[in-house]
Amino acid sequence: MIDTPLQPEFTSTERAILDPFVTSVDARIFGLRNLPEVVKGALFSRYSRSEKSIRRILLDEFIHQPESGFHQLVTAPSTDAADQIIATKHAEAFYDRVLVGYGDDSVAELGGAHVACEEISNVAAKILEDARIGISPLEKSTRYVSFTTKINGAYRYVREASIMDSPHAAAYISAMDGLFEAYSALLQPTITWVQQQTPRDADTSERAYASATRAKAFDVLRGLLPMATRTNMGMYGNGRAFEYLMTRAGSHDLAELHDIQSSLADALGALIPSFVKRANSPRGAAMRAYLASIRTAGASAAAPLNGHDSPQLPSVQLVAYQTDALQRVVTAVLYPHADTDYASVAAYVATMSVEQLAAIIAEASGDRAVRFHKPGRAFEEAHYTFDIVADIGAYRDLQRHRMLTQERQPYGVELGYSVPPELIAAGLDAPFRAAIDQAIAVTRRIRADLPTASQYAVPMACHIRWRFSLNLREAFHLCELRSTPQGHPAYRHVAQDIYRLLRDVHPELTAAMRFVDMHEYTLERLDAEKKLDIKRAALK
Ligand SMILES: Cc1cc2nc3c(=O)[nH]c(=O)nc-3n(C[C@H](O)[C@H](O)[C@H](O)COP(=O)(O)OP(=O)(O)OC[C@H]3O[C@@H](n4cnc5c(N)ncnc54)[C@H](O)[C@@H]3O)c2cc1C
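Quick note: to get our numbering, add 8 to the position in the sequence shown (first position is 1).
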């Protein structure tokens, strides 16, 4: 039961005024509604400097302050776009006044926005999706969407500005068209082959079967898509994360990223201007210059290492881990429950045998009924670094994990490429190889003149190398999620290899990682589609 309210009751007039803007006028836990994002942010920011409640601040400092302009909203929360723009401008002015002297970056996390980025390249999408805290992206799938369609007679890939201005333009168009033509030509034969290999059984609906076999064909052919392929992505994020995202995009040396940066500034400037305006201020410019400078410094320091790559098969190598991870994790398990300092807990743990440590880990892992039951933060004490080579398609899937550190080397063609075994078995690999070989030859020529832009021409079948550094708790999540049967085999293999390597070095710590699926499946989406049938039937 909740104890007596501390706030004085609102008058009936005040209650009526407040009602459209809060989910409850009385409850202690309530939501804000029908207010521009900057107003919500400004309101919450007052918590740190006021003893009043938010509802009282909303009344006293917004609604009852004529200069705030909020009477327009109070009398009739409008759905009219022009009114909303006016309201946002008033809120913005008010916010700036309220926040004079605050300067807390965290205030910009108090409001958010949804932004759609359409028809951008995969190169650009990956740069945006490098964001971790504060941004939630969702992107058009290569598994559920066909890439055979054209816009105004042209396949959907970005004609990158510097390539189109170079002598490589015609070869680039020819190679990219070649990839999309091969993709389009192989789609139906691949679906037919998949269906021949895995005929529909009586338990499977036609819908589920058609979806699963189509998804399989898309998975098999995605390697033909170049990084220039246009995609659509939606992002929800808070102001602070967007400010950094814009700064990062603006620091990039690709023209497309500069265009995106300026479009983001327009879109977010209309929604949460106060939160993102620093991205284009002198401070933002200095930050962009700094980010560009550290990238250049890293590249010049690494220059002596370059130019020696040769084809490499997909592989996962564990390159660094702590030999005392078991003791560290057990120390962290005990620490929050102890009333002594860290050193004393660690000294106590140091006296234990491996069997005793394993027993504590087993207890601390609990009885995990499903993969969503994750052990606690103590498991974040163990760290692992992997060097991974996989096709870019698999990289794209794994890159989206945020609770870890990943950094890729540039998209290139020197590490070779993977041909899906299904295409070889179907006898359909020749057109796949021909299109990719043509793209590789063109990429090499472009790279000699335009190394950064040449990444657009790289097909997703090509291999990429990246550093993957994560803690054990994220490894539980990643290995279990990314080995589920419906996953693409390329990233399932990476997740399975990571698990094997962790298990080899730290069997006690990984004993509870029991939902890693080590099996192989021929029609990965089938079970998921059958479950979808059941859910659809239940909805009807
Ligand atoms: C079979 C499959 C199909 C997929 N299809 C698509 C697709 O079509 N399109 C697409 O865009 N993506 C797709 N994804 C990717 C997916 O949406 C996630 O982006 C990706 O799996 C990263 O995992 P995650 O968000 O669970 O965890 P991580 O980013 O690794 O984070 C670990 C955990 O931290 C927490 N966490 C991290 N960030 C946040 C946050 N911002 N807010 C709240 N909690 C957070 C969550 O508990 C999360 O599970 C697919 C994934 C799978 C497995």
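Just so you know, even glycine gets a beta-carbon here, dropped at the ideal spot from N, CA and C.
Since the model is a prediction, treat every value here as computed from it, not as a measurement.
Q: Taking only heavy atoms of ligand 1 into account, decide whether any of them is closer than 7 Å to the Cβ of residue 118.
A: Relative to the non-hydrogen atoms of ligand 1, the Cβ of residue 118 never comes closer than 7 Å to any of them.
Q: With a threshold of 16 other CB atoms inside 10 Å of the CB of residue 468, please say whether the residue is buried or exposed.
A: Residue environment for residue 468: buried (at least 16 other C-beta atoms within 10 angstroms of its C-beta).
Q) Within 7 Å: the Cβ of residue 491 and any heavy atom of ligand 1? A) Distance from the C-beta of residue 491 to the nearest heavy atom of ligand 1 is not below 7 Å.
Q: Can you check DSSP and say which residues form a bridge with residue 244?
A: Under DSSP, residue 244 forms a beta bridge with 122, 144.
Q | Through-space distance from residue 320 to residue 266, alpha-carbon basis | A | Linking residue 266 to residue 320 through their CA atoms gives a straight-line distance of about 34 Å.
**Q.** beta-carbon residue 540 near ligand 1 non-hydrogen atom, thresh 7 Å
**A.** Result no, Cβ not under 7 Å from ligand 1.
Q) Along the chain, where does the alpha helix (DSSP H) that runs through residue 189 open and close? A) From DSSP, the alpha helix (DSSP H) with residue 189 extends over 177 to 205.
Q | Cβ pair residue 401, residue 150 closer than 8 Å | A | In this structure, residue 150 lies closer than 8 Å to residue 401 by Cβ.
Q) Since residue 49 and residue 118 are thought to touch, with beta carbons under 8 Å apart, how far apart are those beta carbons, to the nearest angstrom? A) A Cβ-Cβ separation of about 4 Å places residue 49 in contact with residue 118 under the 8 Å criterion.
Q: Tell me whether residue 145 counts as near ligand 1, meaning its Cβ is closer than 7 Å to at least one heavy atom of that ligand.
A: Correct: residue 145 has its Cβ closer than 7 Å to ligand 1.
Q) Using the beta-carbon count (16 or more within 10 Å), is residue 339 buried or exposed? A) Buried, because 16 or more other Cβ atoms sit within 10 Å of the Cβ of residue 339.
Q.
Would you say the beta carbon of residue 388 is closer than 7 Å to some non-hydrogen atom of ligand 1?
A. False, no ligand heavy atom lies under 7 Å from that Cβ.
Q: Say yes only if the C-beta of residue 485 is nearer than 7 Å to one or more non-hydrogen atoms of ligand 1, and no if none qualify.
A: Yes, the Cβ of residue 485 comes within 7 Å of a heavy atom of ligand 1.
Q) What residue from 28, 173, 121 has the CA that sits closest to residue 45's CA? A) For residue 45, the closest alpha carbon among the candidates 28, 173, 121 is that of 121.
Q. Under the three-state reduction of DSSP, which class applies to residue 279: helix, strand or coil?
A. Helix, per DSSP.
Q | the segment 300 to 312 in contact with the segment 141 to 158 per 3-pair CB rule at 8 Å | A | Below 8 Å, too few C-beta pairs join the segment 300 to 312 and the segment 141 to 158 to call them touching: fewer than three.
Q | Same chain, Cβ closer than 7 Å to residue 376, five either side skipped, listed in chain order | A | Only 520, 522 meet the Cβ criterion.
Q) Is residue 463 closer than 8 Å to residue 418 when the C-beta atoms are compared? A) Taking 8 Å as the cut-off, the Cβ atoms of residue 418 and residue 463 count as close.
Q. Between the segment 215 to 233 and the segment 186 to 201, do three or more beta carbon pairs fall short of 8 Å?
A. Between the segment 215 to 233 and the segment 186 to 201 there are three or more C-beta pairs closer than 8 Å, enough to call the two in contact.
Q: Given a cut-off of 8 Å, decide if residue 336 and residue 370 are closer than it, judged by their beta-carbon atoms.
A: No, Cβ-Cβ distance for residue 370 and residue 336 is not below 8 Å.
Q: Take the Cβ of residue 84 as the centre, count every other Cβ of all protein chains shown within 10 Å, and call the residue buried at 16 or more, exposed below.
A: With a pLDDT of only 48 at residue 84, under 50, the local geometry of the prediction cannot be trusted, and the value read off the model is given with reservation. Classification for residue 84: exposed.
Q) Is the closest heavy atom of ligand 1 to the C-beta of residue 411 under 7 Å? A) In this structure, residue 411 has its beta carbon less than 7 Å from a heavy atom of ligand 1.
(Q) Taking its Cβ as the centre, do 16 or more other Cβ atoms sit within 10 Å of residue 281, making it buried, or is it exposed? (A) Flag for residue 281 reads buried.
Q.
Just to confirm my understanding: we take residue 164, look at its own chain, exclude 5 residues before and 5 after, and list those with CB closer than 6 Å. What are they?
A. Once the five neighbours on either side are set aside, the close Cβ partners of residue 164 are 238.
Q: For residue 443, collect the residues of the same chain with a Cβ closer than 7 Å to its Cβ; drop the 5 residues on either side in sequence, then sort them by chain order.
A: Only 186, 187, 190, 232 meet the Cβ criterion.
Q: Taking all protein chains shown into account, decide if residue 451 is buried (16 or more other Cβ within 10 angstroms of its Cβ) or exposed.
A: Burial call: buried.
Q.
My output table needs one value for residue 450: the three-state DSSP class, helix, strand or coil.
A. Here DSSP, grouped into helix, strand and coil, assigns residue 450 to helix.
Q: With a threshold of 7 Å, establish whether the CB of residue 482 neighbours any heavy atom of ligand 1.
A: Yes; taking the cut-off as 7 Å, the Cβ of residue 482 has a heavy atom of ligand 1 nearer than that.
Q | As assigned by DSSP and simplified to three states, the class of residue 85 | A | Low per-residue confidence applies at residue 85: pLDDT is 48, beneath 50, and the placement is therefore not dependable enough to give any value.
Q. At what residue ranges does the segment 19 to 76 contain a whole run of the alpha helix (DSSP H), taking only runs of 4 or more?
A. Assignment of alpha helix (DSSP H) within the segment 19 to 76, counting only whole runs of 4 or more residues, yields 20 to 26, 45 to 53, 62 to 65 in chain order.
Q.
Using a 10 Å radius around the Cβ and a threshold of 16 neighbouring Cβ atoms, would you call residue 235 buried or exposed?
A. Around the C-beta of residue 235, 16 or more other C-beta atoms lie within 10 Å, and the residue is accordingly described as buried.
(Q) For residue 304 and residue 66, what's the separation of their Cα atoms in angstroms? (A) Rounded to whole angstroms, residue 304 to residue 66 spans 48 Å at the Cα level.
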